[in-house]
Structures are given as structure tokens and as C-alpha cells.
Amino acid sequence: MSGLVNKAHNVHYLIENPKSTVLFLKDRLLYVSGWFFGPEGKRAKKIIAQSKNSVFEAEIVARPDVEQRYSSRGVSIRRDCGFEIFCDLSRGVKYVVIKAQEDSGQWIKLGSFIIIVQKTKRQKTIDAYYQHWLELFDSISPKDKEKIKARITKLSIQPLLSVLMPVYNTPEKYLIESIESVRNQIYPHWELCISDDASSDPATRRILEDYRRKDPRIKVTFRQTNGHMSANSNSALELAEGEFIVLLDSDDLLAPHALYMVVEEINRFPEVCILYSDEDKIDEKGKRYDPFFKPDWNPDLFRSQNLISHLGVYRRDLVRKVGGFRIGYEGAQDWDLALRVWEQVGDKAIRHIPYVLYHWRAVSGSTALDIHNKPYAAKSARNALVDHLARKQIKAIVLPVGPSFEYHRILYDIPKPYPKVSLIMLSAFKHSLVKDCIESILFKTDYKNFELLIVANGPNCTNPEITTYLDHLQKRAQLRVLYDDQNAFNYSKLNNWAAEQVDSNIIGFINDDLEVIKPDWLTELMRHICRPEIAAVGAKLFYPQGIIQHAGVILLVGGVAAHRFSGFSREYSGYFSNALLQQNIGCVTAACMLIKKEVFEEVGKFDENLTIDFGDVDLCCKLISKGYWISWTPYAQLIHHESKSRGRQASEHSKKEWIYWREKWGKMINEDPFYNPCLSLEYPYALAFPPRRKNPWNQ
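Next up, the structure:
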């Protein structure tokens, strides 16, 4: 967070977005953000982004994190030192300059950017730095190997691992490299179970026979007829004698410490039944790229995309118990297997290893390079999910998501009769949009069994114009009003009080600066909150300009929390399509949140020590600490005129609340389980330098 200093003008500043001085934009919207303060902690008179004749003026925002950082150094600055600029740029190459104006009227240049606005893919910042990251944090040195070998001798559990490798006409070079990646494992207790699916290439049989002769740990069976992937995988499974099976395609590679890391996790959690790791891709020249740094177990995301493959590891007896790989699910046979084993063992028996242990070969004809190379895979995946939901007796519809239909949306049924939900909205009636937002909620929402409970707080709420308006509205719609014009504003206390006044089993907390985009927003949220395993659910919110404001929250980013994908365009898919997929998450904003009333009361409601800020983050932390699931759905969409209701005035009290929250949760929440430790806490979904993990062989 350390900013830049312009000594000539005695100003401090930092431009946090964009993060590159040269940026490719798929759309025309450029998001600029940062902070600035001048002599005596004053904020700028004006901050702009300028591109030729176009000038875009900044909106001033509160930055308690910056205020806290400098106050700890004895420097007093204004809390509202932050800024955001939304630039609507035309196509082509643009030179954009960021300037700040002092009270004297003099302009100071803060930075400049070359922005290329065209219809190309957004610049992949992770790949730009991945090779350097691999050199620093993903290289196993000879010294590391010796430490790992010494560490293995101390492990109390050293199971036999059976690596299953189905083979069919695999190119000679890739087949040899794949087998050698198993033989090069530092962990010694493995067997390689290979099944050849009647390959027509004689080189395949020759290679497999040769390896079977020279390494007794390699078992090979040759099928007489071609049975496709599921049948071939089952033939490999028949050879397995290990306690766990490890799935490996015949052209992919295992990292040399892959099996060792699996056994480390088994020793840490002896009851584990499914393990999975992070992965990346590898091209025909051996260059690694496109790493997938996954969250810890995330059941909703797993139903949206196959998190477990690759690397996927299972207890052998469970795989055989569920019938192995099912015929007819080729292309998604591993996803189908994972779903069936998960049903047997539940959430607590699944572990994630935050290391890139699997390298997925991306060459011509592979699904790693293009999902269209196996068009049947999408159909198989959908069928596997439909079967899974049916076995779980979950009434739902599975819909494809994404241009290649490789992802899925689960349209969960809402039980009938439709449950009532009470939406609680606090309002001081300070901004002109309040009436529009209230009427938007009341008259543009297609879910009918809801009430809107407005808590009118502050001196404006007894204004005759306001009371007359609300009285009139109550005659037309499912609206109740509570007046509280005596007490100072306390967000948590008012919401807790309002929640006591409702008889619904489901409560919604919504801001008075929300506007409905899609009428089914509440229906979509109800699809999730009515699921027995879900305690709370949040929506996807956009700025009025159509830019993402909220897509779930990452805990600990920036010291407290950060909205995911904030500042990106509506169409932005996110890291591995995260912005488009239903998933579990550590925190959602109470600007639009549904929660089960029973759970809300069980965890102690909102903490009334948090009067303005961090109340929703604190509530979500309590839910997670109690073992509850929070869900986020991108299909409930609203516009959020953020902070129109209360403004962004600097507040010493808010800074104290931030400190209170950190002291309360800092030691308990060391890592957000829904955000990989290899990803940055400073810049969401960029690489972490270094990753926040400890190599077990160094402990």
C-alpha cells in the first residue's frame, strides 16, 4: 500500500487500478481507482482522467485502510482520500493521463496509461508472471528432494497409491513423458496401473511392454476390444491394489512431489476420502501456463465446474463401492465418479492441496486446448449432474453456461407454497433515488410472497412529505414502516430490532439504493436460501454504469475484505469463469443478502459494536466459524447506487470499528478458504509473491 511521493508538491498518492501501464480492453469501460492526499492531509480539489478531448471526473470514496496506515505513522489525513473514475473510451489506442488539482488550481500528473480498446481477450496478467513465479515458488531443488525423502520416513501413514492410466494411441513422446513423471515421483510407494484400449498404433504396445518389463511397479493390461474411456478406466481399476487411486491421463504429467503431497495430506487428515490439487496446462514444448488455483472444498462451485479433476485422488474401496466409472458418461466420467463418491462421504471428507501437482497437456485435439474437441463431454457432464441431483432427491433443472457449455447453472426448485421473506431496508431518506429504489423493489420483483419493512431513521423520516408518501404506498403494496427518529444511526442495532418484528423464517437485508435489473432477482435468491444446507445467500450488484460492484467478498484482501471483480464490465467472466458461476463464498454484502432467521439469531445477529461498517463481514465470519455455508449467485442482479444513502463522510468512529473487527477476527481467520493462498491479497486474482503456504518438508 506504500504510495508515491511528489516532493515538489508534498503530495502522496497511489493508482491501484489499472495495474499495468499498457492495458488491453475487451470493452470500452476503463476503471481507475486509487488514493491521494496533499499537505496537511487534505484531499484533492478535483481528480480527472483525460484522453485527448475527453475528461472523466473522479468520485471521491472513503479509504479507512489508508487513513489507518498513515495514522499509525503519526500522519493525520482525511478518510475520504480515495477516488474512482469510470472512463467510457472509444475503440483504438488511447493515451490516458490521471491528474489531481490542488486548492491553488495547479494540476499534478499522477500517472499515464496506454489503453488499447479492441475486441480481443483481456490481458492475462497471471500468465505474464507465471514463469517467474514457477522459478521462485514451484521448483523442487535437489536439496528439497532430500528433505522430502527424510520427511517421508517420519510419516506414520505410508499407503500404496495406485495411479490409473487409461491409454489409447497416445503419441509416443507424450506417453513416455507421462509414465516417466510417475517413475520420477519422490514418494516411493506407488503402482502404475495401465489399461490399453486396443490401440491400433503398434508403438503404444511396444512402449507399454517395455515399461512393464523394466519396472515391477508398472502393471499393464491390453483390452481385446475398444471400450472407450469409462470401460478402459475400469480395466485399469481392476489392476489396482492401493488404498487410494490417483487418476492420470496418458499424455499428462504429475509434478515430482505430487504423490508425496497427497500422502502428507492423508497423514494430516486420516479420514479423508477425496483429495484434489491445483493444476496448470503444458504445451507441446513443455511450457507451463494457465494455472488454476482452486478454492478449498466448494460444493456449489463443484456443481458448476469440475474442481476435482485434476489431480483427483479417491479411496479405492469407495470407487469400487459406487461401481467405478460409468459407461455412457465418457468425457465427464471423472466428474461423474467424483459426484457419486461425494454423495457417499459428505463435505468433511474432501481435502484440497494448494499446490500445482498436475500438468494438463494442451495440444491439438485435447480438451485442455479446446472443449469442442470432445463435444460429447458437455452432454455427459450435464447427465452426470442431473443423475446426481436425482440421487440426492433435489428437485432442480441443470442449464448449460458458457460458450462451450462446459459450465452449469443449477435452477433449484422453491418449495410450495412459496415461503414468505421479509426484506428489511434502512433509510434516512437522504437521497433523491430512495423513492425510485423502493418502488423498483415493490413493483418490479416477480416473487410475490414478500414484505418490505422500511426502518425510517433520522430527522428526515418524520417529514410530512415522507410520511404521506409511505402511508400512500402502504395502501398499494406489501409494505410496513417502522419509525425511529430518536436514536443515532446504528446499522446493526436497527437491523436487529427490525428482524425481531417479522414472523418470516427468511430475512433479507437490502439497501435503499438498490434498483432491480431482472425481475427474478428475489426468486433466484430464494432458490438458494430454501436449500437446507445454505444459511445465507448474496447477489451480483452493478454500478449504474453497468460495471461490476459486488460479486462476493474475499476476506483479508486489503486488510479486511474486497469485492471480487469490482470495476470489471458486466460481461467479464472472471478467473476461471468465477464471475458467472454459482458458488459458496466466505462473505457477501448485506446490501443484498438473504439469511435464515433461525441461523441469524443463533449466531448472535449483527454485532451492535459495529454501528456503520463491517457488520455484514462480521456476520458472515460468524456463519463460517459455525460451519454454515454461504452461497453467491450471479443470476440475482441489481444496480447498487453505492453509498448514496449515507454518503462517504470521514469518520473516526468507523476507523475504530475497523480496528475492532480486526482484533476480533484477525487471529481466527488466517486465510479465506474460498480463495487460494497462491493468489494475492493485495490484487485479487493476481499471483501471490510469495504464496501464503508452508512447504511441509521445511517444517
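Here the sequence shown stands for residues 601 to 1299, where the numbers follow the numbering used here. For glycine and all other residues, C-beta sits at the position ideal for the given N, C-alpha and C.
Separation of residue j from residue i, as counted between CA atoms
i	j	result
glutamate 1171	arginine 915	40 angstroms
leucine 1147	arginine 903	Note on residue identity: the sequence assigns isoleucine, not leucine, to residue 1147. When rounded, the distance between both Cα atoms is 27 angstroms.
aspartate 703	serine 1040	41 angstroms
arginine 940	histidine 988	7 angstroms
glutamine 1182	asparagine 1063	43 angstroms
isoleucine 776	asparagine 784	12 angstroms
serine 1280	leucine 1156	10 angstroms
isoleucine 1230	aspartate 688	35 angstroms
lysine 1035	aspartate 665	33 angstroms
alanine 1077	leucine 1070	10 angstroms
leucine 755	cysteine 873	18 angstroms
isoleucine 698	isoleucine 716	17 angstroms
serine 1166	methionine 1126	24 angstroms
lysine 1294	tyrosine 876	18 angstroms
isoleucine 1195	histidine 952	28 angstroms
glutamine 824	aspartate 796	9 angstroms
asparagine 840	valine 820	A small correction: the amino acid at residue 840 is alanine; asparagine does not occupy that position in the sequence shown. Using only the alpha carbons, I get a separation of about 11 angstroms.
isoleucine 1212	asparagine 898	30 angstroms
isoleucine 1134	aspartate 738	36 angstroms
histidine 1163	glycine 928	41 angstroms
Cβ-heavy atom distance, residue i to the ligand NAD, below 7 angstroms
i	result
cysteine 1221	Looking for the ligand NAD in the displayed structure turns up nothing, as the structure carries no ligands at all.
Local Cβ density within 10 Å of residue i, reported as buried at 16 or more and exposed below that
i	result
alanine 990	exposed
valine 655	exposed
aspartate 1007	According to the sequence as given, residue 1007 is tyrosine; it is not aspartate. That one is buried.
isoleucine 845	buried
proline 1290	exposed
phenylalanine 869	exposed
glycine 1247	The predicted position of glycine 1247 is uncertain, since its pLDDT is 44 and thus under 50; a value taken from the coordinates is nonetheless stated next. Exposed.
alanine 1088	exposed
glutamine 905	buried
proline 1316	Lying before the first or after the last residue shown, residue 1316 is absent from the chain, which here runs from 601 to 1299.
isoleucine 714	exposed
asparagine 1298	exposed
asparagine 653	exposed
arginine 663	buried
proline 1234	buried
aspartate 1112	buried
alanine 962	buried
threonine 753	exposed
alanine 750	exposed
arginine 673	exposed
Option nearest residue i by Cα separation, candidates the options
i	options	result
isoleucine 1145	His1241, Phe1206, Leu847	Per the sequence shown, the amino acid found at residue 1145 is glutamine instead of isoleucine. Answer by Cα proximity: His1241.
isoleucine 726	Pro1284, Asn1270, Tyr929, Arg1293	Pro1284
isoleucine 740	Tyr631, Leu775, Ala855	Ala855
lysine 1044	Asp852, Glu1115, Gly641	Glu1115
tyrosine 1047	Ala1236, Phe1206, Glu1208	Ala1236
serine 633	Gln731, Glu640, Ser712	Ser712
glutamate 1202	Leu1219, Glu1208, Gly1167	Leu1219
serine 781	Gly827, Ala858, Val717, Cys793	Ala858
histidine 612	Leu629, Arg628, Gly641	Gly641
alanine 1190	Pro1234, Leu1141, Phe1168	Leu1141
valine 1137	Tyr1175, Phe1200, Leu710, Tyr1275	Phe1200
asparagine 1049	Tyr1018, Glu864, Leu837	Tyr1018
asparagine 834	Trp935, Ser1027, Phe925	Phe925
alanine 1161	Leu1238, Asp1216, Leu792, Ile1212	Asp1216
isoleucine 660	Met1193, Pro1059, Ser909, Phe683	Phe683
cysteine 1130	Gly886, Ala949, Ala996	Ala996
valine 675	Val998, Ser830, Pro639, Val986	Pro639
leucine 853	Pro802, Glu879, Ala750	Glu879
aspartate 934	Ile807, Leu764, Asn826, Leu1082	Leu764
isoleucine 779	Arg812, Ala750, Ser799	Arg812
aspartate 1120	Ile1014, Trp960, Phe1274, Ala938	Ile1014
aspartate 890	Tyr729, Pro1277, Pro618	Tyr729
Paired residues, beta bridge with residue i - DSSP
i	result
serine 1237	Position check: residue 1237 holds glutamine in this sequence, whereas serine was assumed. Bridge partners of glutamine 1237: Lys1140.
methionine 765	Ile794
valine 1021	Phe1050, Ile1106
glutamine 701	Lys646, Trp707
serine 633	Asn617, Glu684
tyrosine 889	Lys881
serine 1027	Ala1056
Give the list of continuous beta strand (DSSP E) stretches no shorter than 3 residues that lie fully inside the stretch 1044 to 1121. Taking only runs of at least 3 residues, the beta strand (DSSP E) segments lying wholly in the stretch 1044 to 1121 are 1050 to 1057, 1079 to 1084, 1106 to 1110, 1114 to 1116.
Give the list of continuous beta strand (DSSP E) stretches no shorter than 3 residues that lie fully inside the stretch 651 to 683. Those beta strand (DSSP E) runs which fall completely within the stretch 651 to 683 and span 3+ residues are 654 to 657, 659 to 661.
Segments assigned alpha helix (DSSP H), at least 4 residues, entirely inside the stretch 1155 to 1199: The alpha helix (DSSP H) runs lying completely inside the stretch 1155 to 1199 and spanning 4 residues or more number zero.
Ordered list of beta strand (DSSP E) runs contained in the stretch 975 to 1007, each at least 3 residues: With a minimum length of 3 residues, the continuous beta strand (DSSP E) runs that stay inside the stretch 975 to 1007 are 996 to 1001.
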